Each structure stands twice: as structure tokens, then as C-alpha cells.
Amino acid sequence: MSILRVALDVPLATLFDYLDGGRHAEVGSRVLVPFGRRQIAGIVLEKPEQSQMAQERLKPVLAVFDGEPTLSVETMRLARFCAEYYHYPVGQAVMSVLPGRLRDVKPALPEIQIGYRLTDSGRHVGIDALPKQALLQRKLWLALAQAEALDQAALAQLAAGWRGAFKVLRAKGWVEAVQLDAPLPPPVPFQPVPPPTLNADQQAAVDAIGAQLDGFGVWLLYGITGSGKTEVYMRLLQAALQQQNAQVLVLVPEINLTPQLEGRFRARFPGETIVALHSQMSDGERLRNWRLAESGRARIVIGTRLSVFTPIPHLKLIVVDEEHDASYKQQDGMRYSARDVAVMRAKQAGIPVVLGSATPALETWHNAQAGRYRLLTLTQRAVAQAQLPDIVCLDAKTPLLRDGLTPALINALRERLERGEQSLLFINRRGYSPVLLCSACAWVAPCHRCSSRLVVHLRQRRLKCHHCGHEERMPLQCPSCGNPDLHPAGQGTQRLEATLAELFPEARILRVDRDSTRRKGALEGMMTEVHGQRVDILVGTQMLAKGHDFPNLTLVGVVDTDSALFSPDFRAAERLFAQLMQVAGRAGRADKPGQVLIQTAFPDHALFHALRRHDYAEFAATLLNERQMAGFPPYCFQALLHAEANHFEPVRDFLNDAVDQAHNFAHSVTVYDPVRPALARLKGMERAHLLIQAESRAALQGFLQSWVPLLAKHKLAGKLRWSVEVDPLEV
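Pasting the structure below:
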């Protein structure tokens with residue numbers, strides 16, 4: 184009886200041996216196995232000749248989920264690499280890359296999808312057999328004649344009243360129902376869009392990468408905002424898809440960018456099957472699209488960070504858009520960087536990977552300067568008449584502020600309203616105001632589960648924590664001194680929206696943040712309103728900072744930036760520059776000149792000097808020089824050991840013992856003392872971490888390979904939550 188080595192979703196750094204039980208499971212098959220007193224699903228990773236356990240002690244698998252696709256060797260190899268590099272249990276690493284349905288103990292049977300097609304007689308009679316006044320019947324006939332089959336969703340997209348016309352065609356025997364081999368992706372009715380003419384920089388980038396599509400290479404596509412990076416991506420996709428059965432993967436940092444990019448790709452590639460993968464999809468939708476990618480039917484896969492693990496058998500190109508974005512870093516579980524995993528996946532597959540950004544991550548920029556990545560630069564905007572916006576810093580120390588807005592910014596908004604142009608006010612803080620303040624004793628409303636303050640949501644008369652989700656009613660008087668004079672302090676998107684409504688009662692104002700876009704499809708509807716010129720002033724957070732193209736938007740106002748200027752986080756300046764450069768890039772993307780007004784109490788700061796010149800390269804050189812002198816990444820390599828528990832004592836003891844253990848063999852690394860993070864308490868858990876730093880990646884990995892197994896054996900390891908984070912973004 185053969186032995187199966189199975190990956191299970193349990194926090195143990197090992198695989199588990201079972202007997203096949205005559206069920207003929209293959210490597211990559213999903214199986215149901217007994218584990219203690221429960222039954223769980225796993226993936227067969229190996230079929231070894233023998234087990235370290237006596238065969239009579241091995242249990243047989245309970246079931247093999249026949250009819251499901253096996254996990255590809257390439258995906259398992261990538262997951263195992265991540266488990267090793269990020270020091271995460273291999274079973275959990277493998278299982279975490281699967282859609283939710285494939286981690287369940289039930290069979291993930293494919294959905295039965297019914298489609299409709301023309302019968303032979305329906306095709307034979309032709310459209311001329313239909314009355315000319317039967318417009319809807321003729322429309323349905325044409326659509327069915329152009330497709331193998333259409334499902335109900337596709338027919339509903341054609342016309343809301345399709346059922347009546349369809350019933351007539353079916354009664355004539357001209358259409359029939361068929362069961363589809365695989366579910367169809369949701370249809371989006373786009374007309375093919377002819378490609379624009381490339382400028383010299385775009386053409387050079389397409390030619391350079393296109394000439395080396397048959398081998399591994401990492402390309403950094405550095406282009407100013409509005410330089411047409413997406414058009415370069417689409418030309419490269421077009422070249423890659425010319426290969427037989429070829430597939431491509433496009434990663435985007437945030438969910439709200441997925442529909443927009445998917446729409447542009449459907450318009451350019453109307454004949455291709457395109458699927459999206461992101462966390463707002465239902466389990467059924469995600470599994471369906473995952474299967475379309477795994478089967479090779481979906482030729483273009485667009486998704487957020489977890490999509491980097493999607494099985495794509497004929498993958499020929501990977502594109503990582505906005506590669507600098509922190510959203511590519513997983514912040515719990517296996518703390519991987521999707522950008523870095525994409526580079527490793529491309530290396531394993533022997534294909535090119537394109538990293539695109541107007542403000543590349545300093546690590547990426549450093550790799551390009553060192554020659555490890557190949558740099559391509561787009562220096563001009565894709566629209567010939569479009570120019571980079573003029574960036575002006577407004578001194579926020581003026582006493583003439585009106586609810587946080589300077590007179591110059593208010594006047595600029597008024598000018599755009601008079602000219603019929605659109606404006607965007609950016610403030611990266613949702614809610615009405617960040618604190619509720621007592622005017623007598625300076626009490627502020629705290630979150631009792633986190634080391635943070637509750638945010639005022641005035642319309643709901645609620646105080647909410649944006650970290651843990653706790654919320655409560657606004658008090659009528661100060662809990663500390665009894666003073667009834669409690670007032671919101673500071674600005675948030677809701678307060679800014681109210682201020683603008685007061686200043687410009689005639690303006691059509693739209694707020695775009697996580698609160699206003701919770702409903703499915705809300706963001707897409709809002710973007711339709713903006714493009715339809717039914718919005719005058721946009722108020723939004725970083726959801727609007729990148730990826731959006733509003734031709735009539737000529738003014739961007741940035742309300743609050745100063746908190747990041749003097750942050751103890753050494754990456755804060757890099758993040759702020761990228762954020763401001765991205766949001767500034769929303770202005771003047773068409774033939775109308777754009778202007779960016781940034782309110783700050785420090786207008787002479789070096790960051791703003793570089794921003795006004797749109798000079799990322801110079802700013803990056805300055806930051807890299809500072810990091811080299813300070814010994815920060817990319818000139819060193821780091822890892823964090825996180826620990827949290829209901830009480831601080833076990834966290835303190837665990838981390839102190841971890842330092843003592845490390846000193847026994849930490850000859851080539853530096854182990855720092857444990858510290859509390861800025862949010863020392865989060866969701867009711869007391870937290871601390873310690874930093875490990877090395878001059879080489881090999882030294883850091885060698886140390887972690889010896890140290891992490893010792894941590895797993897610590898007497899407190901099972902009494903708290905702990906994890907190792909390699910290449911952390913926040914230290």
C-alpha cells in the first residue's frame with residue numbers, strides 16, 4: 184500500500200504521512216484525512232517509498248476528491264519556496280494559496296452552468312427569417328451566432344427583456360439549452376477599442392521587453408504618472424498571447440483597481456477569456472475563475488496579491504502594476520510580498536516579469552541601479568497635449584484657515600467650478616474627525632481594545648475604531664470631568680465633505696472612502712458619475728490616489744500631510760512621496776493644465792522641493808544615501824519576531840528568552856532588544872516585537888533556520904501568538 188505525504192492547514196512545520204488505502208491519489212490531489220479527533224482536507228505533496236513511522240501506525244486517507252483539478256507541480260514548488268523563505272509551516276503555506284472552497288472538507292464540485300446556443304436550423308434560416316421590426320429577436324440571434332453559447336447573465340446584459348424574445352426563438356426550434364463544460368466568466372459588453380499610437384518611450388519599452396519574452400528577466404518600467412504604462416502592458420500582453428495557448432498574469436495592489444483594469448482589457452481583447460480574482464468575490468466566483476485559469480481557458484488573469492499563486496499552466500508573462508504599493512505585502516499568516524513572489528515565480532517559469540510604477544520602491548530602484556533589474560523609463564505623458572501638473576505648497580500656518588482649508592485652496596476650487604472643471608481633495612483619514620475632545624480637561628475618546636483613539640462618525644452619532652472595528656455611541660458629556668462641551672477635533676473625509684457643501688452649496692460633491700463604497704458595485708457606480716461629468720468635487724482617501732484617469736480633473740488639493748514628515752518609521756518619507764506623487768498625477772491628464780495645491784506647515788521641506796520638480800530619481804538617490812549611512816534596507820536585510828497575548832507578561836518573557844537563545848549562535852546577525860510597536864495593544868492583544876538584522880540575505884536566512892525551530896519548542900509558544908516576518912515594511 185503506497186504512502187502519501189500530505190500538507191495540512193495546521194501550525195506545525197512538517198508534512199504528515201498517510202496510507203493511500205487503495206484510493207490511487209496522485210501528487211497534487213486533494214484528500215480528506217483523519218487528524219486527531221477531526222477530519223480535515225489536505226494536498227498530497229509527495230509519494231515517498233517509505234515513512235519514518237512504522238507502517239502499521241499510519242492511517243489511511245478517508246477520501247480522495249475525484250473530479251477536482253490537481254494542484255500543479257509549479258504551484259506546489261512556489262508555495263514550498265515561500266514556506267522556507269518566510270519561515271511558515273509548509274502545510275499552511277500550501278493550503279493558504281487555495282480558494283476557500285478547496286480548503287473545506289466537502290467536495291468542491293463545479294457549478295452546473297446552462298448555456299444557450301443556436302440550433303442547426305436556427306443557423307440555417309439566418310437572420311433574414313426574422314421580422315425586421317422584431318429588433319430584440321434579431322439582436323439575440325446575432326449575439327448567439329457570434330458565440331458558441333451564452334448564459335443567462337450574458338443574455339441579460341444584451342437586453343433586460345430578453346426572455347420574451349428568447350421564448351419566441353425557442354418555440355421556433357432555433358435555440359436550445361446546453362450544459363457548458365466550464366462556467367463562463369461574467370460578460371461585460373465592451374466594443375473593441377483601437378490601440379493608440381505609442382510615443383517613442385513607450386515603443387522603446389515594448390520593443391525591449393517584447394524581444395525577450397522567451398526567457399526570464401525582471402524589467403522595471405518607471406514612468407511618470409499618466410505616461411501610458413497600462414498601454415505598454417497591453418502591447419506586451421498582445422505579444423505574449425500570440426504564442427499558442429499562452430496565458431498572462433496581471434497583479435494590481437487594490438481591489439478597487441481591478442474592475443477598471445479588467446474593463447480596459449476587455450475592450451482591447453474582446454475575444455479573450457479574462458477573469459479577475461480578489462477578496463470581495465464570493466467563494467463560488469473565486470473558485471470558478473480559479474478553475475478557468477487552472478484549466479488554461481482564461482488567458483488573462485487579473486488579481487490582487489493572492490493571485491500570484493494561481494495555477495496558470497501556460498504562463499508567459501507577469502505584470503505587477505504599482506509595484507511599490509504596500510498592499511502587496513500580506514500582513515498576517517504567511518507574510519509574503521506578492522511582488523517578490525512574482526519575481527521568483529517568473530524565475531522558476533523562465534518568463535519575464537514587468538514591475539511598473541511612477542514611484543518605485545527603493546529596493547526595486549536600487550536593484551535597477553545595480554543592474555539586477557533592467558530599467559526602462561517613460562518621461563512624457565501619453566496624451567500629447569497633457570503636461571505634468573504644477574505643484575504648489577500652501578503654508579497651513581495661516582490664521583485664515585476655514586475648517587482646515589486655506590483661502591488659496593478655496594479660491595482655486597471656486598475657479599474650477601466656474602470653468603466647469605473637476606477637483607479632487609485628498610485626505611487620507613475617513614470619518615468626520617479623528618478625535619472627540621473635551622474642551623475642559625482635554626479628554627479624548629479612547630478605544631479600550633487598542634492603543635488608539637476612536638474616530639467620530641457624526642452622521643451616525645457613533646465613535647468607531649478603524650483598527651479593530653469597535654464602535655459605541657457618542658457620549659453626551661465627558662466621562663472624565665462631566666463637561667458637556669465635547670467637540671470633534673481635526674479633519675476627516677466626512678467633515679471635509681460637510682465643509683465643502685457649506686462653502687459651495689451649488690457644487691455636486693462626492694465622497695469616496697471605505698465607508699461610502701462598502702456596497703458591492705458602489706465604487707464602479709461612483710466612477711461612472713465622475714466620468715459622466717455629474718460630479719464637481721471629489722473628496723477621497725488613497726482609494727483615489729492611483730490608477731484613475733479623469734480627463735476633466737484639473738485641480739488636486741492635499742489637505743493634511745505633515746504627520747508623516749517626522750515619523751520614526753524610516754520608510755515614512757518614501758511612502759509619503761509616493762502617495763503625493765500618485766495623487767498629484769490625477770490632475771491634468773488630458774488637454775487641460777493641472778494644478779496641485781498641498782497644504783503643509785513645512786513648505787520648505789526637502790521632500791516638497793523634490794515633489795515640485797517631479798524628480799523621483801533625485802529624491803530616491805537622497806534616501807538611498809541616507810539609508811546606506813544608517814545601515815537600513817536595501818543595504819541590510821531584516822526580520823521581525825512578533826508576539827501578542829491577552830496579557831503582556833508572556834509576550835515579554837517569550838521575547839526575552841528568544842533574545843537569549845539567539846545570542847548563542849547569532850554571530851553574523853544583530854539581534855535587538857524587544858520593543859512595543861506604536862499600537863502596543865491591538866484588538867485586545869498586548870503586542871511587542873524584536874528586530875533581527877544582517878548584512879546579507881544568506882546570513883539572515885541561515886540564522887532563522889536555526890532559531891525559528893527553537894522558538895517553536897519554547898514553553899510559551901503555544902500560549903501566545905507569534906510569527907516571523909521576513910523583509911518587513913514596518914519596523
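Last residue of the sequence shown? That's 914 in the working numbering, and every number before it is there in order.
Where a beta carbon is used, it is the ideal one built from N, C-alpha and C, also for glycine.
Remember, predicted model here, so these are calculated numbers, not experimental data.
query	result
Could you tell me which of Val280, Gly219, Pro243 sits nearest to Arg206, measuring between CA atoms?	Pro243
Measuring straight from C-alpha to C-alpha, what distance separates Ser616 and Pro377?	46 Å
Tell me the DSSP secondary structure of Asp836 in three-state form.	helix
Quick test of your reading: Val718 and Val741, contact by CB under 8 Å. State the CB separation rounded to the nearest angstrom.	So it is not a contact: roughly 19 Å between Cβ atoms.
Per the contact definition of three or more C-beta pairs closer than 8 Å, is the segment 593–611 in contact with the segment 624–635?	no
State the DSSP-derived secondary structure class of Phe791, mapped to helix, strand or coil.	helix
How would you write the range of the beta strand (DSSP E) that Arg656 sits in, first residue to last?	654–656
Under three-state DSSP, which class holds Thr783?	strand
What is the DSSP secondary structure of Ala544, reduced to helix, strand or coil?	coil
Output the distance between the C-alpha atoms of Val361 and Gly305, rounded to the nearest integer angstrom.	15 Å
Is Leu887 near Val907, with beta carbons less than 8 Å apart?	yes
List the residues that DSSP assigns as beta-bridge partners of Pro621.	Reading the sequence as shown, one finds Cys at residue 621 and not Pro. Answer is Leu669.
Pull up the DSSP beta-bridge partners for Met812, would you.	Bridge partners of Met812: none, in fact.
Gly771 to Ala822, Cα distance in whole Å?	42 Å
Counting beta carbon pairs with one atom in the segment 559–568 and one in the segment 384–391, are three or more of them shorter than 8 Å?	yes
Helix, strand or coil for Cys651? Go by DSSP, reduced to three states.	coil
So what does Thr408 bridge to, in DSSP terms?	DSSP, once it has assigned bridges, lists no residue as partnering Thr408.
Report the rounded CA-to-CA distance for Arg656 versus Gln643, giving the unit in angstroms.	9 Å
Is DSSP giving Val891 helix, strand or coil here?	helix
With a threshold of 6 Å on Cβ separation, who are the neighbours of Phe373 within its own chain once the five nearest residues in sequence on each side are excluded?	With a pLDDT of only 49 at Phe373, under 50, the local geometry of the prediction cannot be trusted, and the value read off the model is given with reservation. If we look at Phe373 and ignore the five residues flanking it on each side, its Cβ neighbours are Arg449, Ala450.
Once the 5 residues before and after His670 are set aside, which same chain residues still bring their CB inside 7 Å of it?	Leu620, Ser622
Shortest alpha-carbon distance to Ala332 belongs to which of Leu254, Ala553, Asn428, Arg300?	Arg300
Leaving aside the five residues before and after Pro496 along the sequence, list all residues of the same chain whose C-beta is less than 6 Å from its C-beta, in chain order.	Gly479
When the Cα atoms are used, what is the spatial distance from Ser510 to Ser520?	9 Å
For Thr737, which three-state DSSP category applies?	strand
Where does the unbroken alpha helix (DSSP H) through Arg678 begin, and where does it stop?	676–686
Using 10 angstroms around the beta-carbon of Met236, count the other beta-carbons present and answer buried if the total reaches 16, otherwise exposed.	exposed
Met710 bridges to which residues according to DSSP?	Bridge partners of Met710: none, in fact.
How many Å lie between Phe399 and Tyr269 at the Cα?	23 Å
Going by DSSP, what residue range makes up the alpha helix (DSSP H) through Cys265?	256–268
Nearest-angstrom Cα distance between Pro786 and Val739?	17 Å
How big is the Cα-Cα spacing for Val431 and Phe753?	35 Å
Using three-state DSSP, classify Ile457 as helix, strand or coil.	strand
Smallest Cα separation from Gly704: which of Asn439, Glu654, Gln811?	Asn439
Just tell me which of Gln660, Arg870, Gln335 has its CA closest to the CA of Phe837.	Arg870
Any idea what DSSP makes of His872, helix, strand or coil?	strand
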